[in-house]
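Chemist:
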Amino acid sequence: MTETATATLPGFDVEAVRRDFPALQQRVHGAPLVYLDNAASSQTPRAVIEAIVAYYENDRSNVHRGVHELSQRATAKYESARGRVQRFLNAGGPEEIIWTRGATESINLVAASWGRTHVAEGDDVLISAMEHHSNIVPWQILCQEKGANLRVIPMNEAGELRLETLDELLTPRTRIVAVTQVSNALGTVNPIRQIAQMAHDVGAVCIVDGAQAAPHMPVDVQELGCDFFALSGHKMCGPTGIGALYARRALLEEMPPYQSGGDMIASVSFEKTVYNDLPYRFEAGTPMIAGAIGMGAAVEYLEAIGMSRIASYEQDLLSYGAASLSSIGGFRPIGTARHKAGVLSFEIEGLHPADLGTILDRQGIALRIGHHCAEPVMRFYGVSATTRASLAFYNTRADFDALAVAIETAKEILA
Ligand code: PLP
């Protein structure tokens, strides 16, 4: 690999970073793996794998309940991981971080708890035209249950939200504004600060789907001014099955439990249950302990590199990738917003995405073909699927060179 193929940010040694990821060292179908499916799930660095193994080998036990040494160690690691996520997001305190299974569960928690108690017949829930199904369906179900209206902020052809419509869409009946910070299908970065401010101006709360933002840029929930922020561990180098919800303490304090059972209680009798303190009130049952510890290690790993450096490196790579793909005949980008992160979605004229994906896989290239759980976005662009290359800080310019060559090969095979 040449120097220019990899080095794009002074002081950032991507080859050293790549060595931290065992899965990136393999060959697939005889070719070196080019992993460009990070928006679906990123790879895991050795530090995260080791943190999980250490828990299972040394500290394996339940949290919060045991007086014995192993349980105390497990609890300390589990709570320390919560503190790491709190600092990563700049939340006001650890009690504002709830462990969940991922962004999907985080959003469902808000819909089921805050939503059920605050949304009434005739109210509005406002989402955007570029949401992942996880940030559509929970609100649809809530609106059906309550007789409320689901409204949608439209977007333009570039895949940018038409914010001028907010003046009309936001009314005193708007209870919730639920928007993604970064679109998983288009890569668009939305101006959350502005949207949260406008939501608050009409008395609504703002929930941000941060699943695609947290892996790619510094996130400061206080700066953004949002009320809730959902994230997934497995998209930011952590394990699968773990995620978190940031929620403002004042809101959490008056929210009813989401699920009930062990650990979320202070005392139980047949007559009455007193709920536990925050955040445990929202964490019923034995949690995904190894996952939380792994996610804490992932956050530590990302912070050691630095989220600002990750953002700078990836911005350069995104521009390089967009330029190299656009030289391919028949290339049509889907999503050309001015401010993007992490994602290049496209079509190649005359090639069916499924055929293209299969041939790319045979050349060791992993990317995503499909609707990306964002069917309304596909409908907007009049396509059933796109091909999506999504990057992480361990990708290189050489990965995009390999992708461009592999697409040309696919074109020849399918001609
Ligand atoms: N929101 C966005 C923007 C996503 O890209 C995804 C996953 O692809 C999700 C939510 C759901 O995340 P998870 O499946 O980890 O809960």
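Here the sequence shown stands for residues 614 to 1028, numbered as in the numbering used here. Don't be surprised by glycine CBs; every beta carbon is placed ideally from N, CA and C.
Rounded to whole angstroms, what is the Cα-Cα separation between Lys759 and Asp737?
Modeler: Approximately 10 Å, taken between the alpha carbons.
Chemist: Go ahead and label Asn671 buried or exposed: buried means 16 or more other beta carbons lie within 10 angstroms of its beta carbon, across all protein chains shown.
Modeler: Under this definition Asn671 is an exposed residue.
Chemist: Can you look up Glu884 in the DSSP assignment and give me helix, strand or coil?
Modeler: Residue state, collapsed to three classes: coil.
Chemist: State the Cα-Cα distance for the pair Ala664 and Ser880, rounded to the nearest angstrom.
Modeler: Roughly 33 Å separates the two Cα atoms.
Chemist: Whole angstroms is fine: what's the gap from Ile878's alpha carbon to Ile711's?
Modeler: Using only the alpha carbons, I get a separation of about 15 Å.
Chemist: What is the DSSP secondary structure of Gly856, counted as helix, strand or coil?
Modeler: If DSSP states are grouped into helix, strand and coil, Gly856 belongs with the strands.
Chemist: Tell me whether Ser974, by its Cβ, gets closer than 8 Å to a heavy atom of the ligand PLP.
Modeler: Looking at the sequence itself, residue 974 is Asp, so the reference to Ser does not match. For the ligand PLP, not one heavy atom lies less than 8 Å from the Cβ of Asp974.
Chemist: Less than 6 Å between C-beta atoms, sequence neighbours within five positions excluded: which residues of the same chain meet that for Leu779?
Modeler: Met811.
Chemist: In terms of residue numbering, what span does the beta strand (DSSP E) encompassing Glu916 cover?
Modeler: Run containing Glu916: none in the beta strand (DSSP E); it sits in the alpha helix (DSSP H), 902-918.
Chemist: For the beta strand (DSSP E) that contains Gly983, what are its first and last residues?
Modeler: Taken as a continuous stretch (DSSP letters only), the beta strand (DSSP E) holding Gly983 covers 981-983.
Chemist: Tell me, to the nearest whole angstrom, how far the beta carbon of Leu637 is from that of Leu1016; I am working on the premise that it is less than 8 Å.
Modeler: At roughly 15 Å, the Cβ-Cβ gap does not stay under 8 Å, so Leu637 and Leu1016 are not in contact.
Chemist: Where DSSP assigns a beta bridge to Asp822, which residues make up the other side?
Modeler: Partner(s): Thr793, Ala843.
Chemist: Given a threshold of 16 other Cβ atoms within 10 Å of its Cβ, counted over all protein chains shown, does Met614 qualify as buried or as exposed?
Modeler: Low per-residue confidence applies at Met614: pLDDT is 42, beneath 50, and the placement is therefore not dependable enough to give any value.
Chemist: On the three-state DSSP scale, how would you describe Asp814?
Modeler: Helix, per DSSP.
Chemist: Quick check: the Cα distance between Met901 and Arg673, rounded to an integer number of angstroms?
Modeler: Approximately 12 Å between the Cα atoms of the pair.
Chemist: Applying the 10 Å Cβ sphere with the 16-neighbour rule, what's the burial state of Thr713?
Modeler: So Thr713 ends up on the buried side.
Chemist: Straight-line CA distance for Gly643 to Lys953?
Modeler: Their Cα atoms are separated by approximately 33 Å.
Chemist: State the Cα-Cα distance for the pair Cys819 and Asn889, rounded to the nearest angstrom.
Modeler: Those two C-alpha atoms are separated by around 26 Å.
Chemist: In its own chain, which residues sit with a C-beta less than 8 Å from the C-beta of Arg861, not counting the 5 before and 5 after it?
Modeler: The answer, listed in chain order, is Gly705, Glu709, Asp840, Phe841.
Chemist: Assign Gly728 to buried or exposed, taking buried as 16 or more other Cβ atoms, counted over all protein chains shown, within 10 Å of its Cβ.
Modeler: Looking at its Cβ environment, which holds 16 or more other Cβ atoms inside 10 Å, Gly728 is buried.
Chemist: Which one or two residues does DSSP pair with Asn762 in a beta bridge?
Modeler: DSSP lists Asp737 as partners of Asn762.
Chemist: Sort Ala724, His829, Phe1013, His681 by Cα distance to Leu864 and report the nearest one.
Modeler: With distances taken between Cα atoms, Leu864 lies closest to Ala724.
Chemist: Please determine whether the Cβ atom of Glu718 lies at a distance below 8 Å from any heavy atom of the ligand PLP.
Modeler: Yes; taking the cut-off as 8 Å, the Cβ of Glu718 has a heavy atom of the ligand PLP nearer than that.
Chemist: Mark Asp814 as exposed unless 16 or more other C-beta atoms lie within 10 angstroms of its C-beta, in which case mark it buried.
Modeler: So Asp814 ends up on the exposed side.
Chemist: Within 10 Å of its beta-carbon, does Ser796 have 16 or more other beta-carbons around it, so buried, or fewer, so exposed?
Modeler: Buried is the call here.
Chemist: How many Å lie between Phe1013 and Ser1003 at the Cα?
Modeler: Cα to Cα, the separation comes out at about 11 Å.
Chemist: Quick one: complete alpha helix (DSSP H) runs, 4+ long, within the segment 628-708?
Modeler: With a minimum length of 4 residues, the continuous alpha helix (DSSP H) runs that stay inside the segment 628-708 are 659-667, 682-702.
Chemist: Let me know if Ser997 comes out buried or exposed under the rule of 16 or more other beta-carbons within 10 Å of its beta-carbon.
Modeler: It counts as exposed.
Chemist: Buried or exposed: Thr801, going by 16 or more other Cβ atoms within 10 Å of its Cβ?
Modeler: That one is buried.
Chemist: Might you give, ordered along the chain, the residues of its own chain that have their beta carbon closer than 6 Å to the beta carbon of Pro751, omitting 5 neighbours on each side?
Modeler: Excluding residues within five positions, the ones whose Cβ falls inside 6 Å are Ile720, Asn721, Ala724.
Chemist: Using a threshold of 9 Å, state whether the C-beta atoms of Pro852 and Val661 are closer than that.
Modeler: Cβ distance < 9 Å, so Pro852 and Val661 count as in contact.
Chemist: Would you mind giving the Cβ-Cβ distance between Ala817 and Val790, rounded to the nearest angstrom? I have them listed as a contact below 8 Å.
Modeler: About 5 Å; that satisfies the 8 Å criterion.
Chemist: Check for me: the alpha helix (DSSP H) holding Arg945 runs from which residue to which?
Modeler: Here Arg945 belongs to no alpha helix (DSSP H); instead the beta strand (DSSP E) covers 944-947.
Chemist: Could you tell me whether the Cβ atoms of Ala1005 and Asn651 are closer together than 9 Å?
Modeler: It is a contact, given that the beta carbons lie within the stated cut-off.
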